[in-house]
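**Student:**
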Amino acid sequence: MDNRRLLFAFFLSLLVFVIWSMLFPPTPPVQPEREPTTVDQAASPDRAGPGDEATPTTEQPAGADEIDLTTTEAPPGEADGVVREPVLPPIVAVSEQSVVVTTGRAVAEFTNRGAQLVRYSLDEHLDEEGAGLNLIRARGNDLYPFALLENGRSSALNGVYFVGEQGTDDEGMPVVTFRYRGPAGEATKTFRWRPHGFIDVEIEAPDAATWSVLLGPGITDQENQSGYGQQVTRAVGYRRGGETELIEADDTDEDVVLGLSGLEWVTLEDNFFLNAVIPDSGLNEVRVRPVFERPAAEQGRPRFLPIDTSADTDDLTRELLVVLRADGDATTFRAFFGAKKYSELAALPYGLEQTVRWGFLEFLAKPLYIILEWTHDTIVPNWGWAIVLVTILIKLLFFPLTHKSQMSMGRMQELNPKVQAIRQKFRSKLRDKQGRPNIEAQQQMNQEIMAVYKSAGVNPASGCFPILLQMPVFFAFYRLLLTAVELRGAEWILWIHDLSIPDPYFILPLLMGATSLAMQRMMPSSPDAMQRRIMQIMPIAFTAFAFYFPAGLVLYWLTNNLLTTGQQALINRMRAGQQSAEAVSR
């Protein structure tokens, strides 16, 4: 039986997989500077959220194209051309100030100018400069999270100075309240920290008519996630009735409106991190809007542009913003800014662990993650060595198949002279005088070759099956490395400082290629010339692909090669001893 089709399918599938995963990162933004004042607190457990049904609609309602993220520069009180005269005494700060809350797991920084969140840095996850990773995208002249929109445009409240107050609740958790009353209107924003990084948000805007709260656009700067740009997917996710859906930035050209009926949560997310909102009360709808993003934040210029802008957008990436439309004078919801750590999210009652997206190989990727996490937590506190140990376990599980395959390939090599004799016998009969293939002769030749293999108890396809069976594990490992935030920035040894991005010096791919060539030379060669050529090319091609693979995946592959080489060396020694014994007995 001819294995060429199986080998070609294997080779082409890997080629398609690699090309699909290669994208390009943008250029770094400028982060605004502010003077911080700090409040330190620690954090820890939690409560549940809502749930069930209704479907999203894609539409452009009246006023939808009026959404404008640019910070209002009009004098306070001139929102929509109406000057609001306060009846009660004004509450206005005299200058811009920052309010910083430190919880032990993150640092949140607000500006009292519009009471907006300008920074949320995670202590456990670092950017390329070694500082806490900031989940709030640099904006330039655009609005930040928790800014207000009125009738689709930036509210005048975003340009005035709120009075900020800091304190703690009865459980010792931080509470920050911003109040403003003046010519621009009246508003109060209260942020109460809960355990596990959640924030209860209450916003009151009694003077506003049709108003909304902005979340996003953007989560993290790609430039602060060095090496991840080609792998990161920007999207909005939501859950309804226990089922999750994903709206990807690159696939969306129009607004998507999510009704509140049964909506459990909505998220701005990438592979590793998310900003989530769990609705509570006072919301009418959630609108997801695509925008274009300039490559860097510049003071005085908007960074996010409408999708229908007339500007040249060929080189601009797409991003999504989320707008929470209020229903009444006040709205409350629970917000979460953090990492998509599966084990932690699964322990909470919201179902946010479903934002860890394992792909179509979830049935393999999730168990691999659980085993890998257990190995790291209980055996060796190093993710690289944990990958090595899990690879050994996988090799043991596949050992019966690979052993049978290698033994079968050895017997095929012994039968090669008989097979070549049959091929030689039919060589002149495979084509007629006009050069056309002789199907009947080819079938007869294949039947005689299969008879030789069958008499020796050899299956010629057995050499391919173990490789094909292990490919889903390979792809599941790849998905795990692009999804599990625990492996982001995880060191192994020496030069490998991040197992989830490619080896910067290509040492692991070259070692993997060398072991692949060594393993190939040790194994019996195929009797078919085409198969031999393919097998000779594959190690070189796979080495080139491995330059773009995460270092953790290449480590898995390298470890598997070393184990297979050792297994083949043992089989070769056993076969040599067996042949020597047979020669003596003769």
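For reference, each letter of the sequence shown is one residue, going 1446 to 2031 in this note's numbering. Ideal Cβ placement from N, Cα and C applies to all residues, glycine included.
Of the residues 1697, 1627, 1725, 1703, which one's Cα is nearest the Cα of residue 1735?
**Tutor:** 1697
**Student:** Going straight from the alpha carbon of residue 1547 to that of residue 1553, what length do you get?
**Tutor:** 7 Å
**Student:** Whose C-alpha, out of 1626, 1695, 1614, is nearest the C-alpha of residue 1603?
**Tutor:** 1626
**Student:** Should residue 1613 be labelled buried (16 or more other beta-carbon atoms within 10 Å of its own) or exposed?
**Tutor:** exposed
**Student:** Helix or strand or just coil, what does DSSP make of residue 1611?
**Tutor:** DSSP places residue 1611 in the strand class (E or B) of the three-state scheme.
**Student:** So the alpha helix (DSSP H) residue 1566 belongs to, where does it begin and stop?
**Tutor:** Careful: residue 1566 lies outside any alpha helix (DSSP H), inside the beta strand (DSSP E) at 1561-1571.
**Student:** What is the rounded straight-line gap between the Cα of residue 1900 and the Cα of residue 1894?
**Tutor:** 10 Å
**Student:** Please determine, among 1650, 1875, 1889, the residue with the shortest C-alpha to C-alpha distance to residue 1883.
**Tutor:** Selection 1650, 1875, 1889 evaluated against residue 1883 yields 1875 as nearest (Cα-Cα).
**Student:** Spatial neighbours of residue 1774 within its chain, please: C-beta separation below 7 Å, excluding the five flanking residues on both sides.
**Tutor:** 1649, 1650, 1651
**Student:** Apply the 10 Å Cβ neighbour rule to residue 2044 and answer buried if 16 or more other Cβ atoms are within range, or exposed otherwise.
**Tutor:** The structure shown does not extend to residue 2044, since the chain is modelled only from 1446 through 2031, so no value can be given for it.
**Student:** Applying the 10 Å Cβ sphere with the 16-neighbour rule, what's the burial state of residue 1654?
**Tutor:** Exposed.
**Student:** Roughly how many whole angstroms lie between the Cα atoms of residue 1556 and residue 1822?
**Tutor:** Their backbone Cα atoms lie some 39 Å apart in a straight line.
**Student:** Check whether the segment 1979-1990 touches the segment 1959-1967, counting contact only when three or more Cβ pairs, one atom from each stretch, lie closer than 8 Å.
**Tutor:** By the Cβ rule, the segment 1979-1990 counts as touching the segment 1959-1967, because three or more pairs are nearer than 8 Å.
**Student:** Should residue 1995 go down as buried or exposed, given a rule of 16 or more other Cβ atoms within 10 Å for buried?
**Tutor:** Label assigned to residue 1995: buried.
**Student:** Does the pairing of the segment 1736-1753 with the segment 1779-1792 give three or more beta-carbon distances under 8 Å?
**Tutor:** no
**Student:** Going by the beta-carbon positions, is the gap between residue 1561 and residue 1589 smaller than 8 Å?
**Tutor:** yes
**Student:** Determine the direct distance from the alpha carbon of residue 1840 to that of residue 1737, and round the result to whole angstroms.
**Tutor:** Here the alpha carbon of residue 1737 sits roughly 47 Å from the alpha carbon of residue 1840.
**Student:** When you compare the CB positions of residue 1998 and residue 1923, do they come within less than 8 Å of one another, or not?
**Tutor:** yes
**Student:** If you draw a straight line from the alpha carbon of residue 1621 to that of residue 1549, how long is it in whole angstroms?
**Tutor:** Taking the straight line from one Cα to the other gives about 16 Å.
**Student:** Using only the alpha-carbon positions, how far apart do residue 1828 and residue 1765 sit?
**Tutor:** 33 Å
**Student:** Going by DSSP, what residues sit across from residue 1579 in a beta bridge?
**Tutor:** 1566
**Student:** Which partner residues does residue 1682 have in the DSSP bridge list?
**Tutor:** 1691, 1712
**Student:** Report the CB separation of residue 1921 from residue 1809 in whole angstroms; it is logged as a contact under 8 Å.
**Tutor:** Cβ atoms of residue 1921 and residue 1809 come within 8 Å of each other, at about 4 Å.
**Student:** Excluding the 5 residues preceding and the 5 following residue 1929 in the sequence, name in chain order all residues of the same chain whose CB lies nearer than 6 Å to its CB.
**Tutor:** 1814
**Student:** For residue 1534, which residues in the same chain have their Cβ closer than 6 Å to its Cβ, ignoring the five residues on either side in sequence?
**Tutor:** none
**Student:** Would a C-beta distance cut-off of 8 Å place residue 1780 and residue 1585 closer than the cut-off?
**Tutor:** no
**Student:** Would you say residue 1938 and residue 1948 are within 8 Å of each other, going by their C-beta atoms?
**Tutor:** One thing to note: residue 1938 has its Cβ no nearer than 8 Å to the Cβ of residue 1948.
**Student:** Could you give the DSSP three-state label for residue 1585: helix, strand or coil?
**Tutor:** strand
**Student:** Please classify residue 1767: does DSSP put it in a helix, a strand, or coil?
**Tutor:** strand
**Student:** Give the C-beta separation of residue 1835 and residue 1816 to the nearest angstrom, bearing in mind that I take them to be a contact with Cβ-Cβ under 8 Å.
**Tutor:** Sure, about 6 Å apart at Cβ, within 8 Å.
**Student:** For residue 1578 versus residue 1567, is the C-beta distance shorter than 8 Å?
**Tutor:** yes
**Student:** Please confirm whether residue 1665 and residue 1587 have their CB atoms less than 8 Å apart.
**Tutor:** Result no, Cβ atoms of residue 1665 and residue 1587 do not sit closer than 8 Å.
**Student:** With DSSP run on the structure shown, which of helix, strand or coil describes residue 1723?
**Tutor:** strand
**Student:** In whole angstroms, what is the alpha-carbon distance linking residue 1731 and residue 1571?
**Tutor:** 31 Å
**Student:** Confirm, please, whether the CB-CB distance from residue 1728 to residue 1772 is below 8 Å.
**Tutor:** yes
**Student:** Using only the heavy atoms of the ligand HEM, determine whether one of them is closer than 7 Å to the beta carbon of residue 1916.
**Tutor:** Within the structure as shown, the ligand HEM is missing, as the structure has no ligands at all.
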